[in-house]
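Enquirer:
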Amino acid sequence: MIIEIENLRKTYKDVVAVDDLSFKVKEGELFAFLGVNGAGKSTTINIISGILKKDGGTVKVFGEDIDGKTEGIKSKLGMVFQNSVLDKRLSVYDNMKSRAALYGIFGKDFNVRFDELDGLLGLKDIMKRPVCKLSGGQRRRADIARALIHKPELLILDEPTTGLDPQTRQAVWKVIDDLRKTRGLTVFLTTHYMEEAAVADYVVILDSGRKAAEGTPHDLKTAYATDIIRIYSHLDEAEGLFSSNGAAVRRERDHIDVCVKGTAAATDFIVKNPDLFDDYEVLKGDMDSVFLSVTGKNIREA
Amino acid sequence: MELKKLWALVRRNMKCYFKDKFLFLVSLITPMILLVLFITFLRSVYLDSFRDILAKFGFTAPDKLLDGLAGSWLLSSVVSVCAVTVAICSNAVMIQDKIEGSINDLRTSPVRDTTLSVSYFIANFLVTLIVMLAVIAVGFVYLAAVGWYIPFEDVLMILLDTLCCVLFGTLLAGVIESFISTQGAISAVSTLVSSLYGFICGAYMPLSQFANGVKDFICVLPGTYSVGIMRKHFMGGYVDKLAELGLPAEGQKAILDGFDGNIYVGSVQMPLWSMYVILLGTCALLLVAYITIVVVRNRKHTAKRAA
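Protein chains in written order, with this note's numbering: chain A, 1 to 302; chain B, 303 to 609.
(1) Looking only at DSSP bridge pairs, what is residue 78/A linked to?
(2) Taking the alpha carbon of residue 596/B as the point to measure from, which residue in 494/B, 558/B, 414/B and 455/B has its own alpha carbon closest?
(3) With respect to the alpha helix (DSSP H) encompassing residue 391/B, which residues constitute its N-terminal and C-terminal limits?
(4) Over what stretch of residues does the beta strand (DSSP E) that includes residue 231/A continue unbroken?
(5) Could you tell me if residue 375/B is buried or exposed, where buried requires 16 or more neighbouring beta carbons within 10 angstroms of its beta carbon?
(6) Is there a Cβ of chain A sitting closer than 8 Å to that of residue 403/B, yes or no?
(7) Shortest alpha-carbon distance to residue 425/B belongs to which of 340/B, 357/B and 313/B?
(8) Judging by CA-CA distance, which residue of 496/B, 419/B, 406/B and 565/B is the nearest neighbour of residue 85/A?
(9) Mind pulling the beta strand (DSSP E) runs of 3 or more residues that sit fully within the stretch 85-163 of chain A?
(10) For a contact meaning CB atoms closer than 7 Å, what does residue 94/A contact in chain B?
(11) Using a Cβ cut-off of 7 Å, which residues of the stretch 120-136 of chain A contact any Cβ in chain B, in chain order?
(12) Taking Cβ positions only, does residue 36/A come closer than 8 Å to chain B?
(13) Using 8 Å as the Cβ pair cut-off and three pairs as the minimum, do the stretch 242-255 of chain A and the stretch 178-197 of chain A touch?
(14) Assign residue 341/B to buried or exposed, taking buried as 16 or more other Cβ atoms, counted over all protein chains shown, within 10 Å of its Cβ.
(15) Roughly how many angstroms lie between the CA atoms of residue 259/A and residue 292/A, to the nearest whole one?
(16) If you reduce the DSSP assignment to three classes, tell me which class residue 362/B lands in.
(17) Could you compute how far the alpha carbon of residue 200/A sits from the alpha carbon of residue 168/A?
(18) Check the Cβ of residue 310/B against every Cβ in chain A and list those closer than 7 Å, keeping chain order.
(19) Could you give the distance in angstroms between the alpha-carbon of residue 257/A and the alpha-carbon of residue 62/A?
(20) Going by DSSP in three states, residue 426/B sits in which element: helix, strand or coil?
(21) Under 8 Å Cβ-Cβ, which residues of chain A neighbour residue 420/B?
(22) Can you tell me where the alpha helix (DSSP H) with residue 478/B in it begins and where it stops?
(23) Ignoring anything shorter than 4 residues, give me the alpha helix (DSSP H) runs that lie fully in the stretch 215-301 of chain A, in order along the chain.
(24) Distance, Cα to Cα, residue 204/A vs residue 13/A?
(25) From the DSSP output, which residues share a beta bridge with residue 186/A?
(26) According to DSSP, which residues form a beta bridge with residue 56/A?
(27) Using a Cβ-Cβ distance cut-off of 8 Å, determine whether residue 302/A contacts chain B.
(28) Comparing the C-beta of residue 400/B with each C-beta of chain A, is any distance below 8 Å?
(29) Under 8 Å between C-beta atoms, does residue 164/A make it to chain B?
(30) Going along chain A, which residues have a C-beta under 7 Å from residue 413/B?
(31) Between residue 282/A and chain B, is any beta-carbon pair separated by less than 8 Å?
(32) Who are the near neighbours of residue 592/B in its chain, counting only those whose CB is closer than 7 Å to its CB and skipping five residues on each side?
(33) DSSP three-state label for residue 578/B, please.
(34) Whose Cβ in chain A lies nearer than 9 Å to the Cβ of residue 303/B?
(35) For residue 77/A and residue 317/B, I'd like the C-alpha separation in whole angstroms.
(36) How would you list, in chain order, the residues of chain A whose beta-carbon sits under 9 Å from the beta-carbon of residue 533/B?
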């Protein structure tokens, strides 16, 4: 296991940020941590990375307790923060050089590593520019390069693509996917984007500092998601029938959506009312639906 | 290896300061104020005062000597005050790291908290020293142009005094700014110190011109003695030259008393060694306070949530 957390607890004065949280992250997996703002995601990753001290519980990273010496853990851990934390007035190159030195990477070793990162993230075109003059996407590239400067085994990403345009998001994920494939990098991700969580190997949903649900995206969808039958014909009859049965129905211009609990319930509806189903499709519940069912909150609105 | 990391952090902190033009300019507010005051009226006021004092002893001195004396008085003020104001502004890098979250990034790397804290202190010391040496160099060029009467031993003593003043300023900044973690607070402290410190250590006006109560208060503050040692070594050569030209001892004393070449607590004249003892003793106390703060902070590890 790369990360083992048991009964983690952290409070800020009277506010309980993380309460009795336990989970494990396996080597090489993409682990997603979901929760609205204030759910305790950043607090947890700040504890894992040694920025914050915990109040209770145990946290082991790479098998080492974070209460002991953390230099060994930190040398294998890279972190991309929610907001860029590079030195705004220094150039990208100077930022990389000063951060690399903290991992004992100097001189020629640094130049070699910088060239490797340039190949991965395309840094040469921005290397001389101050970080404060970079666009959001360029800054993210620099942030990721900084997190990878020492070839970490665990990469922690705190909402890495928030505020980025779709093209840049895709580019960021391509880099991360490549690293996972080529180097077996373990990725710990917090995100607001359900499509990012949907491709994770394992997901933990956090609500008010407590674990609300966990599992693979498939397990979570099976357990919590609501499927939708989208019907394109016999709209009036279908709407009347399903409404009278107490199902949640939403009428759109050319179709109606009927919410059903799982694929079995959808099949049951179709089998019992074959006349209505000339033109239809069954949509599998997504992670948005899972999140809503588990927490009662819509992550896009939170 | 930890030493190499420390040096990398020191270089990074220094770069952050010198690349921040606003911070750099704010830290030079004090010398600029003094320069403007000097050019607009202080120079002529002090030249008139020198001439009045000398006239009482029936003595006239060459303009070159008096111009140099006024310039050396100004430069001693600038150097002793800037050692504190520049240190306060330069130390803002540490606070900006807290505000912008860079400190969290540094803390995720395998560097000891103590190394981080020490790096801020060393960087602040070096930045302040570099700025001070630049100011002194410019000042020496000016004095050479108007009239140079500073013996080589005093030049060396001025450099030693600068080291003492920079150490004092760096430690003072370290202690004061340990409690600051917002942009508003650092702006307020930088502006207040930059504009007020010169008054409360007798750098803008000679102590003899203050009312007795205010003068007594200023003499309690250790910063006064950083100005005092500077005055001794900047002005000493000029007064010696006046003596060489025939100014009697009373006249020399009048010049030194009137322009803080001699500092009195009550009626007791403070010897030079006592000023060093007070200044370095204060440095020792500030160092103890700084180390205590750093140790307690690191033990608590109270870093706030990442930005």
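Note that CB positions come from ideal geometry on N, CA and C, so glycine has one too.
Expert: Taking the structure as given:
(1) Within the DSSP secondary-structure output, residue 78/A pairs in a beta bridge with 155/A.
(2) Considering only 494/B, 558/B, 414/B and 455/B, the residue with the shortest C-alpha distance to residue 596/B is 414/B.
(3) Here the alpha helix (DSSP H) through residue 391/B covers 365-392.
(4) Counting along the chain, the beta strand (DSSP E) containing residue 231/A begins and ends at 227-231.
(5) Buried, since its Cβ has 16 or more Cβ neighbours within 10 Å.
(6) With 8 Å as the cut-off, residue 403/B counts as an interface residue toward chain A.
(7) Closest in alpha carbon position to residue 425/B, among 340/B, 357/B and 313/B, is 313/B.
(8) For the residues 496/B, 419/B, 406/B and 565/B, the minimum Cα distance to residue 85/A belongs to 406/B.
(9) As far as the stretch 85-163 of chain A is concerned, its whole beta strand (DSSP E) runs of at least 3 residues are 154-158.
(10) For the C-beta of residue 94/A, the chain B residues within less than 7 Å are, from N- to C-terminus, 317.
(11) The residues in question: there are none.
(12) Closer than 8 Å: no.
(13) At 8 Å Cβ cutoff, the stretches do not touch.
(14) Exposed: under 16 other Cβ atoms inside 10 Å.
(15) A straight-line Cα-Cα distance of about 14 Å links residue 259/A and residue 292/A.
(16) Correct three-state label for residue 362/B: coil.
(17) A direct Cα-Cα distance of roughly 19 Å separates residue 200/A from residue 168/A.
(18) Here the neighbours are 98, 101 and 102.
(19) Annotation: residue 257/A to residue 62/A spans about 47 Å, alpha carbon to alpha carbon.
(20) The three-state reading of DSSP puts residue 426/B in helix, counting H, G and I together.
(21) Going along chain A, no residue has its Cβ under 8 Å from residue 420/B, so there is no contact; the nearest lies around 14 Å.
(22) Element bounds for residue 478/B: 454-479.
(23) Taking only runs of at least 4 residues, the alpha helix (DSSP H) segments lying wholly in the stretch 215-301 of chain A are 217-224, 235-244, 262-272 and 287-295.
(24) Going by the C-alpha atoms only, they are around 26 Å apart.
(25) Looking at the DSSP assignment, residue 186/A forms a beta bridge with 154/A.
(26) Its beta-bridge partners are 9/A.
(27) Caution applies to residue 302/A, whose pLDDT of 48 falls short of 50 and renders its modelled position unreliable; the value that the coordinates give is listed next. Nearest CB-CB separation between residue 302/A and chain B: not below the 8 Å threshold.
(28) Among the residues facing chain A, residue 400/B is not included, as its CB has no counterpart in that chain under 8 Å away.
(29) Not a single C-beta of chain B is nearer than 8 Å to the C-beta of residue 164/A.
(30) Under a criterion of Cβ atoms nearer than 7 Å, the residues of chain A adjacent to residue 413/B are, in order, 102.
(31) Not one chain B Cβ lies under 8 Å of residue 282/A.
(32) Same-chain partners within the cutoff: 473, 476 and 477.
(33) Correct three-state label for residue 578/B: helix.
(34) Ordered by position in chain A, the residues that pass the 9 Å Cβ test against residue 303/B are 104.
(35) Computed Cα separation, rounded: 26 Å.
(36) None at all; the shortest Cβ gap to chain A is about 37 Å.
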